[in-house]
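*Asks:* I'd like to ask some things about the structure below.
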Amino acid sequence: MCSDHLCGLVVRVPGQRSRVGSSVVPDFSVEQWVWNGAHPKYNFHYSVHDHHTGDVKNQWEFRDGDIVKGSYTLVEPDGTTRTVDYSSDKHTGFNAEVKKSGHAAHEMSHHEFGGN
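At position 67 of the sequence shown (counting the first as 1) the number is 67 in the UniProt record's numbering, and the numbers step up by one without a gap.
As structure tokens, then:
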């Protein structure tokens with residue numbers, strides 16, 4: 001199935017299964033990839049701020065031909081914020097810069113030990 005922008009075919013053939021720890025991981029190989037598309041171009045963004053679960057994150061990304069740039073930010077369980085700015089192109093490959101901000105805030109645990 002092809003459109004004006006993309007035509008591709010990926011065939012995956014199951015191979016041997018590998019054991020990693022206690023899990024069995026299927027081993028797949030790509031048999032064929034055909035790209036007959038026009039100049040690939042997209043952009044997207046989203047954000048989540050869920051007060052119930054504490055899930056706070058956002059991401060944006062755009063692609064123009066062989067160049068991809070983006071960023072994502074998330075609030076870590078310790079309260080710090082991690083931001084990853086990334087880019088990729090055919091000359092320099094994938095590059096990411098990771099920044100952490102804020103101060104870790106750990107909840108104090110209160111344990112009571114019984115005994116006489």
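Quick reminder that beta carbons are idealized off the backbone N, C-alpha and C, glycines included.
How far does the beta strand (DSSP E) with ALA96 in it reach, from first residue to last?
*Replies:* Segment 93-101, the beta strand (DSSP E) holding ALA96.
*Asks:* Check the DSSP bridge columns for GLY70 and list the partner residues they point to.
*Replies:* GLY70 pairs with GLU61 and TYR86.
*Asks:* Smallest Cα separation from SER88: which of ILE67, SER101, LYS57 and THR80?
*Replies:* The residue with the shortest Cα to Cα distance from SER88 is ILE67.
*Asks:* Roughly how many whole angstroms lie between the Cα atoms of THR81 and ALA104?
*Replies:* So the two alpha carbons sit approximately 9 Å from each other.
*Asks:* Start and end of the beta strand (DSSP E) containing HIS49?
*Replies:* Counting along the chain, the beta strand (DSSP E) containing HIS49 begins and ends at 41-50.
*Asks:* Indicate the three-state DSSP secondary structure (helix, strand or coil) for THR80 in the structure shown.
*Replies:* Residue state, collapsed to three classes: coil.
*Asks:* Assuming the contact rule is C-beta atoms closer than 8 Å, SER71 and VAL84 should be a hit. Round their C-beta distance to whole Å, please.
*Replies:* Right, the Cβ-Cβ distance comes to about 7 Å (below 8 Å), so this counts as a contact.
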